[in-house]
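898 is the number that numbering that gives the first Met the number 0 gives the last residue of the sequence shown; the numbers go up by one with no jumps.
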Amino acid sequence: MLLDFCLLGPVEAHCDGTGVDLGPPKRRTVLAVLLLADGALVTTDRLGEALWHERPPTHARTAVQGHISQLRRLLHPTGRATIVTAGDGYLLRTPADRVDVRRFHAGVLEARRGHRSAPASAVPALRSALRLWRGPALAGLGPTPLIASLAAELEDARLAAVEELGQALTAAHRAEEAVGLLRGPARRHPLRESLVAPLLDALLATDRQAAAIELYHGTARLLAEELGVDPGPAMTRAYARILAAPDSAARSGPAAPPASATPSVDAGADAEAAPPLLLPRGPAGFTGRERELAALDEALAAGSDAPVCLVTGPAGVGKSALVAHWAQRAAPAFPDGVLYARLDGFAGTVPAADPAFVLRDFLVALGARPDDLPQNAVAAESLYRTLLRHRRTLVILDDALSYDQVRPLLPDAAGCATVVTSRNRLESLVAGDCARPLLIDRLGPREGAELLAGVLGADRVAAEREAVAHLVRLCDGLPLALRLTGARLAVRPQRPLREAADELHDEQQRLALLTAGDIDLASVLRSSVAHLPPAAAEVLGLLAHHIGPDIDVGAAAALAAAPPTETRAVLERLVTANLIEERAHGRYALHDLVRLYARTLRPAPGPERILPLLDHYLCAALAATAAAVPGSQPCCALPADVRPPAVAAEFTDRAGAMAWYAGERGTLVAAVAAAADAGHHDRAWRLAALLWPLVVQQPEAQWDGPLGRALASAAELADADAESRVRTLLGWVLTQQGRHEEAARHLESAPDLARRAGDIEGEAIATANLAQLHDRLGRPASAGHGYERAHLLARDAGSPQTQMLTTYHLARHHLDSGRPARALALARDGLGLAPAGQVSARRAMLTDLCGQALLTLNRHGEAVEHFTRAALLAEQDGFTADAAEYHGRAAQAGAVGRT
C-alpha cells in the first residue's frame, strides 16, 4: 500500500489513488507540520504552536498525543510511513517521493541544475513541479501564526519557481508564453521585483517596449510610495536592456506612466500557471441520481446573475457526494477555476469553520499575498468579490450550518455560481439570495440495489434480490447506511445477504451494526441533533416514542405537554433540520433510523405520560364522529377523569372528519393497543368504538386487531356496556366479511349485554345486527322477528337516528318478503324521523329503498327520482360506490319505463 501526502493545496492523503479521511483540521495540522519537518524532530511545543492561535489550553499535550495516536492508526497499515517518538517530540519517516512538497522542491532543484547549461531544458521540470499545486498551500488548516508562516514560505517558493519558469521560457525563445505566465502574478504581487524583472525581459522580447517602460515606471513609483526605495539591480538591468533595444520608445525620453499602469490587485488579471482548482475528491462508486444532477445543471444555468443552488437533505443522504460528482463534470464550464471549502457545520468532532478563515484561503487561491490580506472582515469580503468580478468561477460551500456562515462567501459576479450543501434547509439563503433549493431524497429500491452492486458486485446482488430490497428498506434508502452495510458484507464474501437483513431487522441492534471503522451512522445523526435547541431535541425524543406512524400538531402538543403554537414552531424547526418530514399538510413523521436514534435521547414515556395523548385522540375522535354523522348520538361517553386538550379538534363537515379518520387510521389503531398495554382499558375500548364511521365505510379492512384488543379491555373492566358495544361493531364487520360463524359468537351475546347495561339504544342496534346475520344465513323468520324487535326498541329509546336504521332494516325485510307497499310506507316514515340535513347516509339508504319499492310497484318515473336523489345524498357523504349503484338503478329504471 502506497500513501501519498499532498500539502500544496488542501491537506490530503491518498492510498493507492483513493482518498484517505485524515480527520479534523487539527489532526491534519499535526500531520502537515511533521511532513514539512522532512524527517526532523518536531517538539510537542511546536505542534501546540501550530494548533492554537493563542496560549495553548491546559490539555494541549493530551490533545497532541491523541492526534498522534490517531495518525499512527491511519499510517500503520501502509508500512511506508511511521511516526516515531523521540524525547519531547515526534518525527515522521516516509519516502521523499510520497510528499508533494518534497517532489516540488526536487523538481525545482533539477531545473536549476539543467538551467546552467541549457535554459530551455528547465521548462519541463518547472512546469511539472508547478502542476503539483492545487491551490493555496496548507488550505483548510487553522490560521495560527506558525501555519501562516509555513504557508507563506511555500508560496514564496512557488513564486520563485514561476519567476524561473518565466526566465527559462524567454531564454528558450518562448517569450509570449512567459508574458502569459508572469503578467498575473506580477499584478498580484506588484512589489516583488523578482517577478517584474523577468516580465520586463519577456515584454521586450515580444516587441512591447512601450508596455515594458510603463510597467517599469509604474513599479518604480509604487516602490517609492510604499517602501521609499528605488528599483533594485534586477529591474535596473532589465530597464537598461529596454532602453538599449532598437526602436525603443525610450528614445524620446521616459514617459510618465498613466495611473492605470500602477500594478494592483486586478480582478481581470491573467491567471498564474493555472486557475485555482480546489475540487473536492470525486466519490468512488457513485451511481444514479440522474434527476438530481440534471436539477443542479438547471439551477446553475437558470439565467440569473450569480446563481446559488442549495442542496439539502437529511444526514447520510449523499449531498456532498452528489455535489463532488457533479463538480468533476461541471468544472470545464468554469474556466477561471473552482473554489471549495468544507465548512464542517455538522462535523461533530470540530467546530464549524469560521467564514473569515475560509475567505482567507479563497483570497490566497485567487492570487492575493497572505501578508497583504485585509484584516477588516468587510474589506476582505469586498476584495473577494472584486477578484471574482470578471471571472467565471464555481464556489462550493460544503456542509454549511447556517446562513451567517455562508453569506460572506457568496460571489456576486454574473459569471460565478455557488453550490451550498447543508442538512438544514437554510430558508434565509433562499429568501435573501434567491437560492434554488434542491432537496435530496433517499434512494429508491432500484438505486439502492445499484449502490450495493457497486460495493458487493452485480452477481452477488442479483443472486439475492429480495434480501437486497429488504436491506435498502432497513437502511431507509440512505446511501451512507447502505455503504456501511456493504462494507461489512464486502469483507465477508461468503455471508448470505439474507442473514445480514435478518440482523438489521432487529431494531435493538440496527444502529450498532451500521458502522465501519471510524464511521458510524449514530455519530452522524448525533451531530445533527447536537445543533438543535433543547426544546426541539426534547420533542424529537418524544416523537420517537409516538404510538403511530405519523403525528399532527395537536397530538404532538399533547405528547409534549406544550401549547400547539409553540409545538408547531418546534416541528417546523425539525423539518428545517431534515430530521422529520412533513408527509402531508400538517402531518409529520420520522424515518426509522432517525426514530431509532432519537429513542436514545430520552426513555419511553410511562403509562401516565401517554394519558394526555390518548385523551387527545379520544376527544378528537368524538368530534370527528359528530361531524361525520351529524345528529347522531355519541357511541360512548368520555371517562370521568379525561383531560381535554387545550385546543380542541374542530371539523366543519363530514369530508373533513373522514379525511382526519383516514389520516389517523394507523395511529388510532396503535392507540388502542398502546392504551391496553398501559392498562388504560377505559380508553382502549372507547378509542376502538369511536372508529365506527371509518369501519362502516371500510368494512372489508382488517379491524380484528383493534376491536379484539378493545374487547379484551372491556372484559378486563367487566363492563357490560363496553363489551356490548364492541361485540356489536365487531359482529357487524365479520358479517359483512362473510365470516358468519365468528360473527355469531359476538352478536348472539351483544343484545343481552346491552340489556344488562340498561342501554336500550345499544340493544336495538345489536338486535338489528343479529337479524342481519340471520338474513345472511337464510333464516328469514328469525331475521323478521329480530327486525321487528329492534324497531320497537329504537322507538322506546327515542333516538331518531337509530329509529331510521332499524326502520330501514325492517322495510328492507318486507320488500325482500314480497310486501313492497309495506316497505314503501315504512321507508317514508323513516325519512320523516330526522331533519333533512342530518344522517345523509341513512337518508340515502331509505330513499333508495323507496325507489326499489316503487319500481316493484311499476311506478318507474317516481323510482328514477328516488334513485337519483339517493345517489346525490350518498355522494355528499363520500359513499361513492353506493352512489354509483344508485345511479345505475336510476338508469335501469328509466330504460324499463320507456319500453
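Where a beta carbon is used, it is the ideal one built from N, C-alpha and C, also for glycine.
Check whether the Cβ atoms of alanine 305 and leucine 168 sit closer than 9 Å, and answer yes or no.
The sequence position of residue 305 within the sequence shown is 306, counting from 1. The sequence position of residue 168 within the sequence shown is 169, counting from 1. For alanine 305 and leucine 168, no; Cβs fall outside 9 Å.
Give the DSSP-derived three-state secondary structure of leucine 871 in the structure shown.
Position 872 of the sequence shown, counting from 1, holds the residue named residue 871. Leucine 871 carries a helical assignment under DSSP once its states are collapsed to helix, strand and coil.
Quick one: what's got a C-beta closer than 8 Å to leucine 595's C-beta in the same chain, skipping five residues either side?
Counted from its first residue, the sequence shown places residue 595 at position 596. For leucine 595, where only same-chain residues beyond five positions count, the Cβ hits under 8 Å are Glu506, Arg509, Leu510, Ala543.
Span of the beta strand (DSSP E) around histidine 13:
One-based indexing of the sequence shown puts residue 13 at position 14. 11-14 is the span of the beta strand (DSSP E), which, as asked, contains histidine 13.
I think arginine 435 touches cysteine 415, with their Cβ atoms under 8 Å apart; what is that distance to the nearest whole Å?
Residue numbering aside, residue 435 sits at position 436 when the sequence shown is read from its first letter. Residue numbering aside, residue 415 sits at position 416 when the sequence shown is read from its first letter. The beta-carbon distance between arginine 435 and cysteine 415, rounded to whole angstroms, is 15 Å. This is too long to meet the 8 Å contact definition.
Nearest to alanine 355 by CA position, among Leu382, Arg79, Ala346, Pro331, is which residue?
Counting from one through the sequence shown, the residue named residue 355 turns up at place 356. Answer by Cα proximity: Leu382.
Report all residues from its chain with a CB closer than 6 Å to the CB of leucine 832; omit the five preceding and five following residues, and keep chain order.
Sequence index remark: in the sequence shown, residue 832 carries index 833 (1-based). The residues are Pro799, Gln802, Met803.
Here's the rule: buried if 16 or more other CB atoms are within 10 angstroms of the residue's CB, otherwise exposed. What is arginine 54?
Here residue 54 corresponds to residue number 55 of the sequence shown, with the count starting at 1. Arginine 54 should be labelled exposed.
Are at least three pairs of beta-carbons, each pair with one atom in the segment 315-333 and one in the segment 366-386, less than 8 Å apart?
A contact between stretches requires three or more CB pairs, one per stretch, nearer than 8 Å, and the segment 315-333 fails this requirement with the segment 366-386.
Given leucine 278, which residues of its chain have a CB within under 7 Å of its CB, disregarding the five upstream and five downstream residues?
Here residue 278 refers to the residue found at position 279 of the sequence shown. Counting only Cβ-Cβ distances below 7 Å, and skipping sequence neighbours, we find Ala326, Gln327, Ala330, Val337, Tyr339.
Quick check: the segment 815-827 against the segment 651-662, are at least 3 beta-carbon pairs closer than 8 Å?
Proximity of the segment 651-662 to the segment 815-827 falls short of the contact definition, fewer than three beta-carbon pairs being nearer than 8 Å.
Taking all protein chains shown into account, do 16 or more other C-beta atoms lie within 10 angstroms of the C-beta of aspartate 774, making it buried, or fewer, making it exposed?
As a working mapping, residue 774 is identified with position 775 in the sequence shown. Burial call: buried.
Measure the CB-CB distance between leucine 531 and leucine 558 and report whether it falls below 9 Å.
Residue numbering aside, residue 531 sits at position 532 when the sequence shown is read from its first letter. Residue numbering aside, residue 558 sits at position 559 when the sequence shown is read from its first letter. Going by C-beta atoms, leucine 531 is not nearer than 9 Å to leucine 558.
Can you tell me whether alanine 457 is buried or exposed, with buried defined as 16 or more other CB within 10 angstroms of its CB?
On the sequence shown, residue 457 is found 458 positions in, with the first residue counted as 1. Alanine 457 is exposed by the Cβ-count criterion.
Here's a check: name, in chain order, each residue in its chain whose Cβ is nearer than 7 Å to the Cβ of glutamine 701, leaving out the five neighbours to either side.
Residue 701 sits at position 702 when you count from the first residue of the sequence shown. There are no such residues.
Please work out which residues of its chain come closer than 6 Å, Cβ to Cβ, to aspartate 847, disregarding the five sequence neighbours upstream and downstream, and give them in chain order.
By 1-based counting over the sequence shown, the position of residue 847 is 848. The residues are Ala869, Tyr885.
Could you say if the segment 701-713 and the segment 577-585 meet the contact criterion of at least three C-beta pairs nearer than 8 Å?
In this structure the segment 701-713 does not lie against the segment 577-585, because fewer than three pairs of beta carbons, one per stretch, are closer than 8 Å.
Thinking C-beta only, is leucine 455 closer than 9 Å to glycine 476?
Translated into the one-based positions of the sequence shown, residue 476 becomes position 477. Translated into the one-based positions of the sequence shown, residue 455 becomes position 456. Taking the C-beta atoms as reference points, leucine 455 is found no nearer than 9 Å to glycine 476.
Would DSSP call glycine 88 helix, strand or coil?
By 1-based counting over the sequence shown, the position of residue 88 is 89. For glycine 88, the three-state secondary structure derived from DSSP is strand.
Compare the beta carbon distance of arginine 280 and glutamate 11 with 9 Å and say whether it is the shorter of the two.
If you number the sequence shown from 1, residue 280 lands on position 281. If you number the sequence shown from 1, residue 11 lands on position 12. Yes, the Cβ-Cβ distance between arginine 280 and glutamate 11 is below 9 Å.
Suppose you measure from the CA of leucine 425 to the CA of proline 548; what does that come to, to the nearest Å?
Here residue 425 corresponds to residue number 426 of the sequence shown, with the count starting at 1. Here residue 548 corresponds to residue number 549 of the sequence shown, with the count starting at 1. Approximately 27 Å between the Cα atoms of the pair.
Using a Cβ cut-off of 9 Å (strictly closer), state whether leucine 30 contacts chain D.
Absent from the structure: chain D. Only one protein chain is present.
Let's see if you can read the secondary structure: which residues bound the alpha helix (DSSP H) around serine 781?
As a first step, residue 781 is located in the sequence shown; it is residue number 782 there, counting from the start. Per DSSP, serine 781 belongs to the alpha helix (DSSP H) from 779-796.
Given this structure, state the Cα-to-Cα distance separating threonine 205 from alanine 174, to the nearest angstrom.
If you number the sequence shown from 1, residue 205 lands on position 206. If you number the sequence shown from 1, residue 174 lands on position 175. If you take the alpha carbons of threonine 205 and alanine 174, they lie about 6 Å apart.
Using C-beta distances below 7 Å, list every residue in its chain close to glutamate 162, excluding the 5 sequence neighbours before and after it, in chain order.
For the purposes of this step, residue 162 is identified with residue 163 of the sequence shown, where counting begins at 1. Counting only residues of its own chain and dropping the five nearest sequence neighbours on each side, glutamate 162 has a CB closer than 7 Å to the CB of Ser193, Leu194, Pro197.
Output the boundary residues of the beta strand (DSSP E) element that contains serine 421.
The residue you call residue 421 lines up with position 422 of the sequence shown. Residues 416-421.
Own chain residues within Cβ distance below 6 Å of threonine 666, not counting five before or after
Working through the sequence shown from its first residue, we reach residue 666 at position 667. The residues are Gly547.
Output the residue ranges of the beta strand (DSSP E) runs that lie fully inside the segment 30-60 and measure 3 residues or longer, sorted by chain position.
Runs of the beta strand (DSSP E) inside the segment 30-60: none found.
Could you have a look at phenylalanine 650 and say whether DSSP puts it in helix, strand or coil?
Within the sequence shown, numbered from 1, the residue matching residue 650 stands at position 651. The answer is coil: DSSP assigns phenylalanine 650 none of H, G, I, E or B.
From the DSSP output, in three-state form, read off glycine 366 for me.
For the purposes of this step, residue 366 is identified with residue 367 of the sequence shown, where counting begins at 1. Here glycine 366 sits in coil by DSSP.
Contacting residues, own chain, Cβ-Cβ under 6 Å from lysine 318 (five flanking each side not counted)
In the sequence shown, the residue the question calls residue 318 occupies position 319. If we look at lysine 318 and ignore the five residues flanking it on each side, its Cβ neighbours are Val310, Gly312, Thr420, Ile439.
Note down, one range per segment and in chain order, each beta strand (DSSP E) of at least 3 residues found wholly within the segment 333-396.
337-341, all fully within the segment 333-396.
Just the C-alpha distance for alanine 555 and proline 604, rounded to the nearest angstrom, thanks.
Translated into the one-based positions of the sequence shown, residue 555 becomes position 556. Translated into the one-based positions of the sequence shown, residue 604 becomes position 605. Here the alpha carbon of alanine 555 sits roughly 14 Å from the alpha carbon of proline 604.
Taking the alpha helix (DSSP H) that valine 98 belongs to, which residues open and close that run?
Position 99 of the sequence shown, counted from the start, is the residue given in the question as residue 98. That residue, valine 98, is in no alpha helix (DSSP H); it is neither H nor E in DSSP.
So, is threonine 504 buried or exposed, given that buried needs 16 or more other C-beta atoms within 10 angstroms?
On the sequence shown, residue 504 is found 505 positions in, with the first residue counted as 1. Per the sequence shown, the amino acid found at residue 504 is histidine instead of threonine. Burial is judged here by how many other beta carbons sit within 10 angstroms of a residue's own beta carbon; histidine 504 has fewer than 16 and is exposed.
Restricting to runs no shorter than 3 residues, where is the beta strand (DSSP E) found entirely within the segment 536-601?
Residue ranges of uninterrupted beta strand (DSSP E) with 3 or more members, entirely inside the segment 536-601 and ordered along the chain, are 580-583, 586-588.
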